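Read top to bottom, the protein sequences are chains V and C.
So for the first sequence, this note's numbering puts the first residue at 7; every next one is plus one.
So for the second sequence, this note's numbering puts the first residue at 3; every next one is plus one.
Written below as structure tokens is the structure these notes are about.
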Amino acid sequence: TSICAFPPLVKLCEKIKYIIKNKLPYEDLDGDKFSAFPTLRGYHWRGRDCNEGTTTVYPGRRPDNWDVERDSNCNGIWGVDPKDGIPYEKKFCEDAESKGIILLGDSAGAHFHIPPEWMTAAQMSLKSFSNLPVALTNEFDWPHFSGITGFLNSTIGGWTDSLYLRLHRRNRCNHRDFQNISKNGGSSENLLDLIKSLARNQLLDNPAIVIYASIGNDVCNGKPDTVAHMTTPQQMHSNVIKTLQYLNSQLPKGSHVILTGLADGRFLWDQLHSRYHPLGQLNKDVTYEQVYSFLSCLQISPCNGWMSSNETLRNLTSERALQLSNVLKEITTSETFANFDLFYMDFPLEKIADEWHKLGGESWQLIEPVDGFHPNQISAALGASVIWQKVLREWPHVLGKENPFNKQIEDVFKDQGGH
Amino acid sequence: HHSGHTCLGCVLVVSVIEQLAMFHNSTAKEALERLCNYLPEILNLQGLCYLVVEMFGPDIIKLLKDKVNADVVCHAIKLCNQNAGQPFCHLYPPPEMGLNKAVREASRIVKNSKVLKNIAGF
């Protein structure tokens, strides 16, 4: 506080406080909520701004005058075909049902990850810490590899697959139209604030698919009396309705919202408790059970309910999670909104595990090794595939049709300016 | 929460130093230097690491030389605290003599530490 009272730093401090509070890009010269800088909530979190000098140029907008003069929606498609004088954007994207993907979520959605190499003596090297600055400036999240908005090849094990990449592959006009509005600790209550950082103009932008996925923090906290601090079904209902009402006021007509249920975190204890944590592998002296107990003792456990040796407590936590998922499910049948249709899906943990088993893997390999809590890169990628298949099977209109001009777009615009 | 995170950070870092020394068959001092050298220079991460080493390095080295585990080191250098009426939080199995006694003995080893006195004053 005292440093921020120093006159030359007042404005900088205000900006930093604003950024931290609102989770908006730190470097955003034109103030359109999109950035050409990767970290600090930049283009790792939402599609790269291709023009930082103009507020009216950003990913996800409907093209301005068919982008004859410039690429107003940053999808890499602009100009006029010299052969027939038709603007490329009109030719390739007019009937393509372009849409973006937006995640409203928690640390799992933002893809929290601490590389195990950072605490494994045998694997430590200059190279293993080279990604520390990116991790620090991305809040230890890796949204650019995540299952909903990931777009870069994973450098943290596994592979990258995401709903965004699949939506982009389906229709290349959707290039760069993604937003990862997530934060560590995101719950139905605090997402009400975070959602204010959503960048969607009802009049100017394309519709969007919003995935609402707060998969644990409504039942997870580090409090010793953890059950008393869990969100109640009534609170959940009220919070989610408020969020949906806000979305209805922001999303263009024709959007879609998919509510995801909470995960069943008993999986964590069942798979990990007797295994060695990376810190315990050298001397075989630290199991996940010890890590969980240590975090609970320090009152910094991300989830006392599930990261506990008390089976009754783990069951109670799952019971509440199920009740909250049922609230979400009930909302999708009882509520309607003018600007989007609404769907519910369970968090597909079992299906992800099944898919991994088919590939020869074991369940414990789906959990982040350092924190013993989050879904890891493999889970994220498999999750993307599972969710995509479900949506394609049950609600295909959500994804829009396949763009028949994809090949031509690729031929003319190559990688569309990259990501 | 702050104190919990500080304690966790301390136990993680001291564990890593201890394991680096063990893995490379080196001293704790060499392991500390090795760890700082692994960090990138960007964001002054190496500089920050050396600053922390400057502050806590001598005490950590002394304690690790005495085969004290990371939990006990962090309690002895006051980065972990035992709250009134609460047990000692620990990651590793407690030493044979018990945590209370081990922490008392470790605290004696670093009782003349200037940094700890300054921290206590602060």
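Ideal Cβ positions, reconstructed from N, Cα and C, are used throughout, including at glycine.
These numbers were taken from a predicted model, which means no experiment stands behind them.
Backbone CA spacing between residue i and residue j [nearest angstrom]
i      : j      : result
I358/V : A219/V : 16 Å
N245/V : S255/V : 16 Å
R182/V : G91/V  : 26 Å
Q88/C  : K80/C  : 16 Å
E56/C  : S109/C : 19 Å
D38/V  : C10/V  : 26 Å
Y40/C  : L330/V : 45 Å
H403/V : H26/C  : 58 Å
N114/C : N85/C  : 24 Å
Y282/V : Y298/V : 12 Å
L405/V : W148/V : 25 Å
I441/V : P69/V  : Residue 441/V is absent from the structure shown; chain V starts at 7 and stops at 425.
F343/V : Y52/C  : 57 Å
L15/V  : K23/V  : 12 Å
F12/V  : C19/V  : 10 Å
F419/V : P44/V  : 23 Å
N28/V  : D68/C  : 48 Å
H425/V : R54/V  : 6 Å
S194/V : C91/C  : 31 Å
N186/V : K103/C : 50 Å
D77/V  : L173/V : 20 Å
L37/C  : T29/C  : 12 Å
M99/C  : N71/C  : 13 Å
C226/V : W72/V  : 48 Å
S17/C  : S104/V : 51 Å
G378/V : K89/V  : 58 Å
A327/V : D112/V : 15 Å
I337/V : I217/V : 15 Å
F135/V : Q48/C  : 11 Å
E145/V : I26/V  : 11 Å
L265/V : W165/V : 25 Å
N426/V : L158/V : What is shown of chain V runs 7 to 425, which leaves residue 426/V out entirely.
A23/C  : L142/V : 26 Å
Residues near residue i by beta carbon distance below 8 Å, same chain, minus five either side
i      : result
G59/C  : K31 and L34
N409/V : F98, C99, A102, R176, N177, R178, C179 and I415
S280/V : T293, Y294 and E295
Cross-chain neighbours of residue i in chain V, by beta carbon under 7 Å
i     : result
C76/C : What C76/C touches in chain V: nothing, since even the nearest Cβ is about 11 Å away.
Y94/C : D291 and V292
G6/C  : L304, Q305 and I306
Residue of the options minimising C-alpha distance to residue i
i      : options                           : result
G228/V : A205/V, G191/V and V63/V          : G191/V
A114/V : G85/V, H150/V and V86/V           : H150/V
P97/C  : S152/V, I221/V, D291/V and D147/V : D291/V
N289/V : Y94/C, L118/C and F90/C           : Y94/C
K396/V : N345/V, D352/V and K407/V         : D352/V
D276/V : L253/V, A234/V, R320/V and Q251/V : R320/V
H50/V  : G366/V, L250/V and H117/V         : H117/V
G389/V : L169/V, N71/V and I108/V          : L169/V
V105/C : V117/C, C76/C, K116/C and L118/C  : C76/C
P122/V : S261/V, I154/V, N382/V and T266/V : N382/V
D270/V : K413/V, I264/V, E361/V and W312/V : W312/V
L348/V : H262/V, T318/V, L274/V and L253/V : H262/V
V15/C  : N81/V, K17/V, T126/V and I306/V   : T126/V
R272/V : W370/V, D360/V and T238/V         : W370/V
L200/V : K248/V, C309/V and T237/V         : K248/V
Partners in chain V for residue i, counting only beta-carbon separations shorter than 8 Å
i     : result
Y40/C : M130, S131, L132, S134 and F135
L10/C : F300, L301, L304 and I306
C91/C : F300, C303 and L304
L14/C : M125 and L285
Neighbouring residues, chain V, relative to residue i (Cβ below 9 Å)
i     : result
V18/C : W124, M125, T126, A127, M130 and L285
Neighbour list for residue i in chain C, Cβ cutoff strictly below 8 Å
i      : result
L288/V : Q21, M24 and F25
P139/V : P42, I44, L45 and L47
V297/V : L93
Neighbouring residues, chain C, relative to residue i (Cβ below 9 Å)
i      : result
L142/V : L45 and L47
Beta-carbon contacts of residue i that lie in its chain and below 6 Å, excluding the five residues immediately before and after
i      : result
G85/V  : Y94
P258/V : Q208, D211 and P213
D61/C  : I79, V112 and S115
Minimum Cβ-Cβ distance from residue i to chain A less than 9 Å
i     : result
L18/V : Protein chains V and C are contained in the structure displayed, whereas chain A is not.
Neighbourhood of residue i by C-beta, 7 Å cutoff - its chain only, sequence neighbours within 5 removed
i      : result
L30/V  : K39, R47 and S203
G286/V : V292 and T293
Fill in: Every unbroken beta strand (DSSP E) within the segment 328-413 of chain V, with a cutoff of 3 residues, ordered by chain
346-351
Worksheet item: Hey, which unbroken runs of the alpha helix (DSSP H) at 4 residues or more fall wholly within the segment 264-320 of chain V?
Response: 272-278 and 294-303
Worksheet entry | Runs of alpha helix (DSSP H) wholly within the segment 172-228 of chain V (minimum 4 residues, chain order) | Here the runs fully enclosed are 197-200.
Worksheet item: What are the complete alpha helix (DSSP H) segments, minimum 4 residues, inside the segment 4-49 of chain C?
Response: 4-25 and 30-40
Worksheet entry | Runs of alpha helix (DSSP H) lying entirely within the segment 46-97 of chain C, each at least 4 residues, in chain order | 47-67 and 72-78
Practice prompt. Only counting runs of 4 or more residues, tell me where the alpha helix (DSSP H) segments fall wholly within the segment 83-148 of chain V, in order along the chain.
Written response: 94-99, 113-116 and 138-143
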